[in-house]
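> Residue numbers (the working numbering), protein chains in the order written: chain X, 1 to 368; chain C, 1 to 278.
C-beta atoms are modelled at their ideal positions from N, C-alpha and C, and glycine is treated no differently.
These figures come from a predicted structure and were not determined experimentally.
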Amino acid sequence: MKPAKEQGTSRAKGPAIDPSNDIEFRAVSKRYGDVTAVAGVDLAVPKGAFVALLGPSGCGKTTCLRMIGGFEQPTEGTVLIENRPMNGVPPYQRPVNMVFQHYALFPHLDVMANVSYGLRQMRPPLARTEVQRRSEEALELVRLGGYARRRIHELSGGQQQRVALARAIVNRPAVLLLDEPLAALDRKLRTAMQFELQTLQRELGITFLLVTHDQEEALSMSDFVCVMNAGRVAQTGTPREVYDTPNSLFVADFVGKTNHLSGTLEPGGVLRLANGVGLAVGGNGTGRVAVVLRPEAIRLHPEAAGRGFAGTVTHRIFLGSTVEYAVAADGLGDFLVTADRGKSDGTAEPGARVRLAFDPTALHLYPS
Amino acid sequence: MITAALAAPAAIWLFLFLILPFCAMLVFAFGKRAPEGGYQAAFTLEQFANLPSRAAAFWNTLVLAPIGALLCLLVAYPVAYYLAVKAPPQRRMILVALIVVPFWTSLLVRTYAWMYILGSRGLPNLLDLVGIADVRMLNTPGAVLLGIVYGYLPLMIMPIYVSLEKLDLRLLDASADLGARPASTFFGVTVPLSMPGVITGVALVTILLLGEYLIPQLLGGGKVFFIGNALVDLFLQSRNWPFGSAIAVTMVAVVVIVLAVSMRIAWRFAGARRVDLV
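1) Anything in chain X within Cβ reach of Arg-264(C), meaning under 8 Å, just list it in chain order.
2) Which of helix, strand or coil does DSSP assign to Pro-360(X)?
3) Locate the beta strand (DSSP E) running through Leu-118(C), then write down its first and last residues.
4) Under three-state DSSP, which class holds Ser-262(C)?
5) Tell me whether the region 69 to 79 of chain C and the region 165 to 177 of chain C touch, counting them as touching only if at least three CB pairs, one residue from each stretch, are closer than 8 Å.
6) Rank Ala-280(X), Ala-192(X), Asp-179(X) and Gly-256(X) by C-alpha distance to the C-alpha of Met-67(X) and give the top, closest one.
7) Starting from Met-98(X), trace the beta strand (DSSP E) in both directions and tell me its first and last residue.
8) For Ser-57(X), which of helix, strand or coil comes out of DSSP?
9) Could you tell me which chain C residues have their CB closer than 9 Å to the CB of Arg-167(X), listed as they occur along the chain?
10) Since Leu-74(C) and Ala-87(C) should fall inside the 8 Å C-beta cutoff, what is the C-beta to C-beta distance between them, to a whole number of angstroms?
11) How big is the Cα-Cα spacing for Met-122(X) and Ala-183(C)?
12) Against Ser-184(C), what residues of chain X qualify as contacts under a CB-to-CB distance less than 8 Å, listed in chain order?
13) Do the region 52 to 62 of chain C and the region 226 to 241 of chain C make contact, defined as three or more Cβ pairs closer than 8 Å?
14) Which one or two residues does DSSP pair with Val-28(X) in a beta bridge?
15) My understanding is that Ala-166(X) touches Val-225(X), with C-beta atoms under 8 Å, so please give their C-beta distance in whole angstroms.
16) Leaving out five residues on either side along the sequence, give the residues of the same chain with a beta carbon under 8 Å from the beta carbon of Pro-56(X).
17) What do you get for Lys-343(X), buried or exposed, if any count of 16 or more other CB atoms within 10 angstroms of its CB means buried?
18) Quick check on Leu-176(X): buried or exposed, where buried means 16 or more other Cβ atoms within 10 Å of its Cβ?
19) Since Met-98(X) meets chain C, which of its residues come closer than 7 Å, beta carbon to beta carbon?
20) Can you tell me where the beta strand (DSSP E) with Gly-287(X) in it begins and where it stops?
21) Which value, in whole angstroms, describes the spacing of the CA atoms of His-153(X) and Ala-113(X)?
22) Along chain C, which residues have their Cβ under 8 Å away from the Cβ of Pro-90(X)?
23) Going by alpha carbons, who is nearest to Asn-50(C) out of Ile-160(C), Ala-246(C) and Val-261(C)?
24) Go ahead and label Arg-355(X) buried or exposed: buried means 16 or more other beta carbons lie within 10 angstroms of its beta carbon, across all protein chains shown.
25) Please classify Trp-114(C) as buried or exposed, where buried requires at least 16 neighbouring CB atoms within 10 angstroms.
26) At a CB-CB cut-off below 9 Å, which residues of chain C make contact with Gly-69(X)?
27) Please determine if the region 29 to 44 of chain X and the region 179 to 191 of chain X are in contact, where contact requires at least 3 C-beta pairs separated by less than 8 Å.
28) Check the Cβ-Cβ distances between Tyr-147(X) and every residue of chain C, and say whether any is below 7 Å.
29) Between Gly-157(X) and chain C, is there a C-beta pair that is closer than 7 Å?
30) CA-CA distance, His-364(X) and Gln-161(X)?
31) Does Arg-181(C) get closer than 7 Å to chain X when you measure Cβ to Cβ?
32) Taking the beta strand (DSSP E) that Pro-302(X) belongs to, which residues open and close that run?
33) In whole angstroms, what is the alpha-carbon distance linking Gln-101(X) and Arg-170(C)?
34) For Leu-145(C) and Val-254(C), I'd like the C-alpha separation in whole angstroms.
35) Under a three-way DSSP split, which group does Ser-220(X) fall into?
36) Let me know the secondary structure DSSP gives Asn-114(X) once reduced to three states.
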């Protein structure tokens, strides 16, 4: 998989580099000995945006976050925060705060003392009443009003998450960094926190930069997604752009579920699939291509419908509002199909003969 | 049942060799010295009334033991911090082993070595050669403290190292992230979270020092003596068992009270701490 050769196009689609950027990476690389964690990343996070760094583990996203926080120094390139180069600036002098992956709350301090920690570091010192007022305000924002005197170990995971948030926003940073903030929460709480983070970001109006390996999290919360792979930026864009027009096989695969086909592009814009069928897809390239098709772009019809590829339903997974089918298409291999439960194609049983229909424009073609 | 069976050997041992002798000592403390030495049955407070005559031994012990433990702490903390936080993990075990190595040689031998180093043919002699004459090092409180720090350092390093090793380094990142300078992080996060190790180390070393005999004997040379030295003197030299017992009983009582109070204060300081803002 070859990502990121489309650097130019992705920048045109993504957030433009402009003076109102809160964070900017200029050709940033980070190497640990022989291992390159981050390789020449250019990135811009516009002021007030909610941006997600999305990628598999080991893709360099956390290293990027730690370079913004000041815990790592880039081997090459420059990280700018509010247009100021940050080379050599220690973490405690940077106008950013982080929500750490496992929260990193101070176990020897209670909730109030954790939240007020940042305020108590200010020089010259703030008035006690001011510290008190702003800490309580932050606790109210994360809806932990009555919890000021609780010990950390007395809190549930979700409450600890909120304390970590309150502690990080109390200093009103220019940018809030979130390192896999929802990874340790159960599914239901995670969904609730996704909404809350969005609300919080709108209320505070500060830039949020989220690191996650969970594509759903990235797509659902952020204004912009930056997909990373092997230390490079694979694609930047709005969640819709990244999902609907992935610029590489890697991005298509990583962001959302996919069906893989292979075929040959013939002159005249015809895609010849493995079963010999030719589809008019336009374009003028030729040669072997990898083809990606989203499961929800496929419709299932009864075999008698007579159009589309014939196949047999092998599995059906009930997901509540939607149903997922595994369909073995004759001569084409297995397909994953997502259907609405309410629609007619949500009722096929395993073993049923069906036809798969899709619009050829829904196919994404990548040179293989 | 099984619990009782498992605890039995230790319980019997402690009863035979700690509780019984202590009772005997308690009885002796209220007795009289037999004319030819030893114990003569009686019930008198005479021995306790005589305690002030050994005030120096009490004073030395109760002052030098805590000071020695605190000096140990000051030297041990940076070492433990380096080992647990700064040292590269692959070298950590070797360094820890090096700290334990001195235990392979008897403390007696090592303290004898200090006797020569501090004695008139040692460092004072060298100082004399460069023109600094008449420096006395041996048989001073300083010599005893030096011996204490030297002998007990590993016992202080270990518990602190263990508690610092458990320290979650992400907490230090979090502290820096929130704007704390390195010194604030150290005193606001590292030190409080290592307090269990510090308290254990100080208590361990202090308790052992209160019964110390060897170091004051060799490096204090009869001038700086601890309770332990006074007891040896009373039991083996002047054979005044009742007075020795009275001193020992008093010392046990003082130590129990001092430790109970100071441990309580220390744990309150280290435990559930909240920062009062208003």
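According to the structure data:
1) Result: empty, since nearest Cβ-Cβ is about 18 Å, beyond 8 Å.
2) In the three-state reduction of the DSSP assignment, Pro-360(X) falls in the helix class.
3) That residue, Leu-118(C), is in no beta strand (DSSP E); its alpha helix (DSSP H) goes 107 to 118.
4) In the displayed model, Ser-262(C) falls within a helix according to three-state DSSP.
5) no
6) With respect to the C-alpha of Met-67(X), the residue from Ala-280(X), Ala-192(X), Asp-179(X) and Gly-256(X) having the closest C-alpha is Asp-179(X).
7) Start and end: 96 to 99.
8) coil
9) Ala-174 and Leu-178
10) That belief does not hold up - the Cβ atoms of Leu-74(C) and Ala-87(C) are roughly 20 Å apart, past 8 Å.
11) 14 Å
12) Gln-121
13) yes
14) Val-41(X)
15) Actually they are not in contact, since the Cβ atoms of Ala-166(X) and Val-225(X) sit about 26 Å apart, beyond 8 Å.
16) His-213, Asn-229 and Phe-254
17) exposed
18) buried
19) The contact set of Met-98(X) on chain C, defined by CB atoms closer than 7 Å, consists of Asp-177 in chain order.
20) 287 to 293
21) 14 Å
22) Ala-176
23) Ala-246(C)
24) buried
25) buried
26) Asp-173, Ala-176 and Asp-177
27) The count of Cβ pairs closer than 8 Å, one atom from the region 29 to 44 of chain X and one from the region 179 to 191 of chain X, stays below three, leaving the stretches out of contact.
28) no
29) Judged by the 7 Å Cβ criterion, Gly-157(X) is not in contact with chain C.
30) 39 Å
31) yes
32) Segment 299 to 302, the beta strand (DSSP E) holding Pro-302(X).
33) 10 Å
34) 22 Å
35) helix
36) helix
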